[in-house]
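A short write-up of the structure that comes next.
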Amino acid sequence: MNLASTALLSLAMSTDAFAAAVGKGTALQRPRWSEALRTGLIFGCIEAITPLVGWALGLAAAKYVAAWDHWIAFVLLGVLGVRMILAGLNGAQDEEEEKPDRHSFWLLAITGLATSIDAMAVGVGLAFLDEKILPIAAAIGFTTFLMVTAGVMLGRVLGAIAGKRAEIVGGVLLIGIGTTILVQHLSAG
């Protein structure tokens, strides 16, 4: 795989995480750069690890990973999206309620995992092609780190403009990402 292909793959793998990060940024009370970097690091590490896991599963488990990855992503993103919508609706009744300064590690890790399931399937595909997985996984992780960090800060701006409605939009966005993943996989199969 050449440098251009690796860069395009890395960008494609990080777009779901970017969209989720925008939603995470809107749900916070004016996120700082430190929180954006922390979120980017969590997402980036997970996004770098999942293709390694997929690659390790290799040929033997490929059909099982491909058979369920879209459902796992759909359920995780759907649950997180509904949670954000409910929080936004509850908060819309009381606009004065404080947003948190940061998200819990586990909430970020689950969201990061949900948006990186496709990277695991890519890792399986790369095992078929006998590609060197470490530089590709590192590129995917680094690109995701950059995109998520920028997404959280963009969410800060959108959250300040839209208030609690932005959290509802972020939840709808997560559900939309999960639905898109599911529809793409079901229509391809």
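Going by our numbering, the residue at position 58 of the sequence shown is 75; the numbering climbs one at a time, nothing skipped. Here a beta-carbon is modelled for each residue, glycine too, at the ideal position from N, C-alpha and C.
| said: So Leu26 and Asp118 are supposed to be a Cβ contact under 8 Å. How far apart are they, rounded? | reply: Within the sequence shown, residue 26 is the residue found at index 9, counting from 1. Within the sequence shown, residue 118 is the residue found at index 101, counting from 1. By a beta-carbon distance limit of 8 Å, Leu26 does not contact Asp118. Their separation comes to about 34 Å.
| Limits of the alpha helix (DSSP H) - the one that Met30 falls within | Mapped onto the sequence shown, residue 30 falls at position 13. Element bounds for Met30: Leu20 to Thr43.
| Glu52 in three-state terms, based on DSSP | Here residue 52 refers to the residue found at position 35 of the sequence shown. Three-state DSSP puts Glu52 in a helix.
| query | How big is the Cα-Cα spacing for Met164 and Gly129? | reply | Here residue 164 refers to the residue found at position 147 of the sequence shown. Here residue 129 refers to the residue found at position 112 of the sequence shown. If you take the alpha carbons of Met164 and Gly129, they lie about 12 Å apart.
| task | Whole angstroms is fine: what's the gap from Met18's alpha carbon to Phe162's? | result | By one-based count along the sequence shown, residue 18 stands at place 1. By one-based count along the sequence shown, residue 162 stands at place 145. Taking the straight line joining both Cα atoms gives about 21 Å.
| query | What is the rounded straight-line gap between the Cα of Ala37 and the Cα of Gly168? | reply | As a working mapping, residue 37 is identified with position 20 in the sequence shown. As a working mapping, residue 168 is identified with position 151 in the sequence shown. Cα atoms of Ala37 and Gly168: separation of roughly 8 Å, rounded to the nearest angstrom.
| task | Would you check if the distance between the CB atom of Val39 and the CB atom of Leu203 is smaller than 8 Å? | result | Taking the first residue of the sequence shown as 1, we reach residue 39 at position 22. Taking the first residue of the sequence shown as 1, we reach residue 203 at position 186. Against a cut-off of 8 Å, the Cβ pair of Leu203 and Val39 comes out as no contact.
| field | Arg173 - DSSP class collapsed to helix/strand/coil | value | Taking the first residue of the sequence shown as position 1, residue 173 is located at position 156. It is helical.
| If you count every other CB in all the chains shown that lies within 10 Å of the CB of Val139, and 16 or more means buried, which is it? | For the purposes of this step, residue 139 is identified with residue 122 of the sequence shown, where counting begins at 1. Buried is the call here.
| query | What three-state label does DSSP hand Ser121 in the structure shown? | reply | If you number the sequence shown from 1, residue 121 lands on position 104. Reduced to three states, the DSSP call for Ser121 is coil.
| field | Close beta carbons around Leu190, own chain, < 6 Å, minus the five adjacent residues each side | value | As a working mapping, residue 190 is identified with position 173 in the sequence shown. Closer than 6 Å at the Cβ level, and outside the excluded window around Leu190, lie Ala36 and Gly40.
| said: For Leu58, tell me which candidate among Leu69, Thr196, Ala34 and Gly75 has the shortest Cα-Cα distance. | reply: Within the sequence shown, residue 58 is the residue found at index 41, counting from 1. Residue nearest to Leu58 within the set Leu69, Thr196, Ala34 and Gly75 is Ala34 (criterion: CA-CA distance).
| request: Compute the beta-carbon to beta-carbon distance between Leu20 and Pro68, rounded to the nearest angstrom, for a pair I have assumed lies under 8 Å. | output: Reading the sequence shown from its first residue, position 3 is the one you call residue 20. Reading the sequence shown from its first residue, position 51 is the one you call residue 68. Their Cβ separation, rounded to whole angstroms, is 17 Å, which puts Leu20 and Pro68 out of contact at 8 Å.
| request: Please name the residue in Glu64, Trp72, Ile134 and Leu199 whose C-alpha comes closest to that of Lys149. | output: For the purposes of this step, residue 149 is identified with residue 132 of the sequence shown, where counting begins at 1. Lys149 has its Cα closest to that of Trp72, out of Glu64, Trp72, Ile134 and Leu199.
| field | For Gly61 and Phe159, the rounded distance between their alpha carbons | value | Here residue 159 corresponds to residue number 142 of the sequence shown, with the count starting at 1. Here residue 61 corresponds to residue number 44 of the sequence shown, with the count starting at 1. Their backbone Cα atoms lie some 6 Å apart in a straight line.
| message | If the criterion is Cβ atoms closer than 8 Å, does the pair Glu64 and Ser22 meet it? | response | The residue labelled residue 64 in the question sits at position 47 within the sequence shown. The residue labelled residue 22 in the question sits at position 5 within the sequence shown. Cβ atoms of Glu64 and Ser22: not closer than 8 Å.
| field | With 16 other Cβ atoms within 10 Å as the buried cut-off, status of Gly195 | value | Mapped onto the sequence shown, residue 195 falls at position 178. It is buried - the Cβ of Gly195 has at least 16 other Cβ atoms within 10 Å.
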